[in-house]
Amino acid sequence: MKNNSIDFKRQATIKLADAKLQGALARLQSRFVEGRSAVISEIHDLQETRNAAAAIRDRVLNDLEHWLLHFEQQATARGAIVHWAESGADVNRIVAEIAVQHGVRTAAKSKSMVSEECGLNEALERAGVEVMETDLGEYILQLAHEAPSHIVAPVVHKNKEEISDLFAEKHNLPRKTGIAELCREAREILRPAFLNADMGISGANFLVAETGSALIVTNEGNGRLVTTLPRVHVAITGIEKVVPTLEDVTTLLRLLPRSATGQSITNYVSVLTGNKNAEDHDGPEHFHIILLDNGRSGLLGGEMQDMLRCIRCGACMNHCPVYQNIGGHAYGWVYPGPMGSILTPLLGGLENAPDLPNASTLCGACTVVCPVKIPLPDLLRKLRERQMERGMKSRQETLLLKAWAWLALHPNVYAFATKIGVRMMSLLGGKNKLLHSLPGVRGWSDGRDFPAPAGKTFRELYRQKKRK
Amino acid sequence: MNARENILGRIRDAQARAAKGTPADTLTGHLAQHPRGPVPPPPEDLVACFKARAIKLSSDVLETRDRKNVPELLANYLRQKSLPLSGVCWPSLGGLPWHAAGLEMQSRPARNEDLVGVTGAFCAIAETGTLMLLGGARTPATTSLLPETHVAIVDPGRIVATMEDAWGLMREAVGQPPRAVNFISGPSRTADIEQTVTLGAHGPYRVLLIIAPAA
């Protein structure tokens, strides 16, 4: 998928003014945020479980080579073929080659954010393979030629009226208005696609090193269909998704659906190991697993490694005041919200997403809900530091920060300057004590007033109080 | 150099820099022991807990002390809901008195046109109201997937507390997982349109669990 993060500020402004989107985002907040809070307390000892989950992910990342090699060995022993891909282009080439090798003309696909990184659908269409997205949300987006705006609920930005119009136009059927009717219509249109597909394409939420299995969590059943019916199955996932044992993955499964959609467990958890044997009636004859790097290995062993713990639940975006107001498209790439604001610059270049590390108030809600305890605000702050070190901040911002740093190191001058500053601002604030515009930082005061200080600094007030 | 060598080389270099790795025998030990993480305390009554959780996930639950009553219970359920009285079942269940209850059950994997699919379950998990199905020649995965109604016969003696317990049973019974292990928790659903939960996405519209002891 093309990275358009450079356009963040302009897109965010447009999204803030989009009334339909604002309605959709309010709904997401109530369903997912309240849903999570209702079921997360079911976990007997939540903090202990989060600690265990983070430790499992750390264990993998600290010895990633070992676990990947063990996974590869086990998966191969069961008849799967493991491929390694440096980039999205590599993934696209490998899938196209598999398609040619097995005479594949049609593919049915379940939701995979990694495949979105690669722009797989377009590449396969160019290679002459017809691809059908089968996750309801992704299917709607494919019809509308749009990108997902959330990693769990990809079509959260669209309301049901838009979907009714889209189905009526594309399916050439009478317009349905009920959500259940729309779902039924999609089911009936998509069932033949599952039955006729030569190839099923899925992601993998986890890879289990112990058994060489790919694990996928789904609700709709399309993930099961694309991995059961077609004669070829290709699972695409990131190199960081490996987990040592079935017990380890079970600990993560206690947290993933609860954090993502507020479900105690997803409808289906499918653990897929090897290809079909001679007696089996179902299952693919050929099982390919593609492990994508795409910049991930560059995060290992450094200050950003914690980001690789991510299990893609989306809780950080559901709880982020920035995401809640602008939705996912403004972020410009596959991953929005706090995790996207870190991953997008790290995988796609800081210079291509300069606004994302700053698209946060560092309120910390994301890290509180993160099931694997990623210190998201710390990582955002580290990216801001990198921007400063590399001279990527504007002259104005650099100067201001330098001036502030100098002041902070000279307490007497600081006291004097703030004394004058608060008095001036208090005066300018007038009767309502509000500043309608701040010179030099118009962007900040465009959408809100700045509360004027009371007229004295904290240090003055403190001294006064002490004297009494 | 190919992609595999490049990627593994970069990982190796990064790991050497960080030097946080664990000795290889500890890693092998972790695999051999596969220790459990924090698990919830077991419920007092596994069957009651399983039932309550399954109902919460929109499954229907019926119970009988005698497995021979299963066909009668199913026939009544299907009639009440005006559902067809024919379908497919796992070969291992072909011997139940389906015909006497007015049902026509064929022992074969499901096809697209089959509307009722009857399966057993390898075991069931009380913590979440979940079925664990191991795929195989006599336990085809399509039976619980293609039909609009999935019926699972659950042996109350095979209800365990957690998924960890379920893996334990699997390790004892078959060692390695078969090609497909499916955990099923209620009818398929989607909330993609306006985050409104709708039952019956691409899999079954309804799941009926019949708790009946093995013969």
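Here the protein sequences come in this chain order: A and B. Numbers 30 to 497, taken from this note's numbering, label the letters of the first sequence in order. Numbers -16 to 198, taken from this note's numbering, label the letters of the second sequence in order. Even for Gly, the Cβ is constructed at its ideal location relative to N, Cα and C. The structure presented is a predicted model; accordingly, all values stated were derived computationally and were not measured.
If we cut at 9 Å on Cβ distances, does Lys3/B have a partner in chain A?
By this cut-off, Lys3/B is an interface position.
Output, in sequence order along the chain, the residues in the stretch 146 to 175 of chain B whose CB is closer than 8 Å to any CB in chain A.
Going along the stretch 146 to 175 of chain B in chain order, one finds Met146, Glu147, Trp150, Gln159, Pro160, Pro161, Arg162, Ala163, Val164, Asn165, Phe166, Ile167, Ser168, Gly169, Pro170, Ser171, Arg172, Thr173, Ala174 and Asp175 with a Cβ nearer than 8 Å to chain A.
Would you call the stretch 114 to 133 of chain A in contact with the stretch 174 to 183 of chain A, where contact means no fewer than 3 C-beta pairs closer than 8 Å?
No: the two stretches stay apart, fewer than three of their Cβ pairs being nearer than 8 Å.
In chain order, what residues of the same chain have a beta carbon less than 6 Å from the beta carbon of Ala264/A, not counting five sequence neighbours either side?
Cβ within range, chain order: Ser231, Ala233, Ala243 and Ile318.
Does the pairing of the stretch 147 to 156 of chain A with the stretch 189 to 206 of chain A give three or more beta-carbon distances under 8 Å?
With the cut-off at 8 Å, the stretch 147 to 156 of chain A and the stretch 189 to 206 of chain A do not touch.
Using only CA atoms, which one of Met346/A, Val158/A, Ser34/A and Leu337/A lies nearest to Gln130/A?
Gln130/A has its Cα closest to that of Val158/A, out of Met346/A, Val158/A, Ser34/A and Leu337/A.
Output yes or no for whether 9 Å exceeds the beta carbon distance between Thr102/B and Trp81/B.
Not in contact: Thr102/B and Trp81/B (Cβ atoms no closer than 9 Å).
CA-CA distance, Glu27/B and Arg36/B?
Using only the alpha carbons, I get a separation of about 14 Å.
Let me make sure I understand the geometry here. Which of Leu457/A, His358/A, Ala437/A and Cys212/A has the alpha-carbon closest to that of Ile35/A?
The residue with the shortest Cα to Cα distance from Ile35/A is His358/A.
For chain A, find out if any of its Cβ atoms is closer than 9 Å to the Cβ of Thr47/B; answer yes or no.
Thr47/B does not count as touching chain A.
Which residues mark the beginning and the end of the alpha helix (DSSP H) in which Ile294/A is found?
Where Ile294/A is concerned, there is no enclosing alpha helix (DSSP H), given that its DSSP letter is neither H nor E.
Within the 9 Å Cβ cut-off, does Glu499/A reach chain B?
A query on residue 499/A cannot be resolved here, the shown segment of chain A reaching from 30 to 497 and no further.
Starting from Asn165/B, trace the beta strand (DSSP E) in both directions and tell me its first and last residue.
Here the beta strand (DSSP E) through Asn165/B covers Ala163 to Ile167.
Is Thr11/B helix, strand or coil when you go by DSSP?
Note: Thr11/B maps to helix in three-state DSSP.
With contact counted as at least three CB pairs below 8 Å, one residue from each stretch, are the stretch 427 to 444 of chain A and the stretch 404 to 411 of chain A in contact?
Touching, no, given that fewer than three Cβ pairs across the two stretches are closer than 8 Å.
Starting from Ala31/B, follow the alpha helix (DSSP H) in both directions and report where the run begins and ends.
Here the alpha helix (DSSP H) through Ala31/B covers Leu29 to Lys39.
Return the first residue and the last residue of the beta strand (DSSP E) that Cys339/A is part of.
Element bounds for Cys339/A: n/a, residue is neither H nor E.
Could you run through the stretch 53 to 82 of chain A and flag, in chain order, every residue whose CB is less than 9 Å away from some CB of chain B?
Within the stretch 53 to 82 of chain A, the residues whose Cβ lies closer than 9 Å to some Cβ of chain B are Ala53, Arg56, Leu57, Ser59, Arg60, Phe61, Gly64, Glu71, Ile72, His73, Asp74, Glu77, Thr78, Asn80, Ala81 and Ala82, listed in chain order.
Near Gly108/A, which residues of its chain fall below 7 Å by C-beta distance, leaving aside the five closest residues on each side in sequence?
For Gly108/A, where only same-chain residues beyond five positions count, the Cβ hits under 7 Å are Gly303, Asn304 and Phe316.
Going by C-alpha to C-alpha distance, which of Ala2/B, Arg141/B and Ile193/B sits closest to Leu29/B?
Measuring from the Cα of Leu29/B, the nearest candidate turns out to be Arg141/B.
Given that Pro92/B touches chain A, what residues does it touch there, using C-beta distances under 8 Å?
Those are His310 and Asp311, listed as they occur along chain A.
Are the stretch 162 to 174 of chain A and the stretch 133 to 145 of chain A touching by the rule of at least three beta carbon pairs closer than 8 Å?
Flag = yes, the stretch 162 to 174 of chain A and the stretch 133 to 145 of chain A touch.
Does any residue of chain B have a CB that is nearer than 9 Å to the CB of His95/A?
So yes, His95/A belongs to the interface.
Identify which residue in Ile294/A, Pro482/A and Thr373/A has its Cα closest to the Cα of Leu145/A.
The residue asked about is misnamed: residue 145/A is Glu in this sequence, not Leu. The shortest Cα separation from Glu145/A among Ile294/A, Pro482/A and Thr373/A belongs to Thr373/A.
Counting only Cβ-Cβ distances shorter than 8 Å, please list the residues of the stretch 288 to 304 of chain A near chain B, keeping chain order.
Listed in sequence order: Thr290, Ser293, Ile294, Thr295, Asn296, Tyr297, Val298, Ser299, Val300, Leu301, Thr302, Gly303 and Asn304.
What does the alpha-carbon distance come out to for the pair Phe61/A and Gly291/A?
Answer to the nearest angstrom: the Cα atoms are 6 Å apart.
Note down, in chain order, every chain B residue with its Cβ under 8 Å from the Cβ of Cys212/A.
Under the 8 Å cutoff, chain B gives Thr173, Ile176, Thr181, Gly183 and Ala184.
Skipping 5 residues on each side, what residues in its chain have a beta carbon closer than 6 Å to that of Thr125/B?
Excluding sequence neighbours, Thr125/B sits near Pro92 and Ala93.
May I have the straight-line CA-CA distance separating Thr206/A from Glu190/A, to the nearest angstrom?
In a straight line, the C-alpha of Thr206/A is about 7 Å away from that of Glu190/A.
What distance in whole Å lies between the Cβ atoms of Pro161/B and Leu117/B, which are believed to be in contact at a cut-off of 8 Å?
Right, the Cβ-Cβ distance comes to about 5 Å (below 8 Å), so this counts as a contact.
Thinking just about the alpha-carbon of each residue, which of Lys34/B, Asp(-4)/B, Pro139/B and Leu(-9)/B is nearest to the one in Ser168/B?
Per the Cα distances, Lys34/B.
In the DSSP assignment, the beta strand (DSSP E) including Ile(-10)/B goes from what residue to what residue?
Element bounds for Ile(-10)/B: not the beta strand (DSSP E) but the alpha helix (DSSP H), Ala(-14) to Ala1.
Comparing the C-beta of Asp407/A with each C-beta of chain B, is any distance below 9 Å?
Chain B contact via Cβ: absent.
Would you say Asp202/B reaches chain A, if we count a Cβ-Cβ gap shorter than 9 Å as a contact?
Here chain B has residues from -16 to 198 only, and residue 202/B is not among them.
Which same chain residues end up closer than 6 Å to Met368/A when comparing Cβ atoms and leaving out the 5 residues on each side of it in sequence?
Contacts found: Cys339 and Cys345.
Hey, is Gly119/B's beta-carbon within less than 9 Å of any beta-carbon in chain A?
For Gly119/B, the answer is yes, since a Cβ of chain A falls inside 9 Å of its Cβ.
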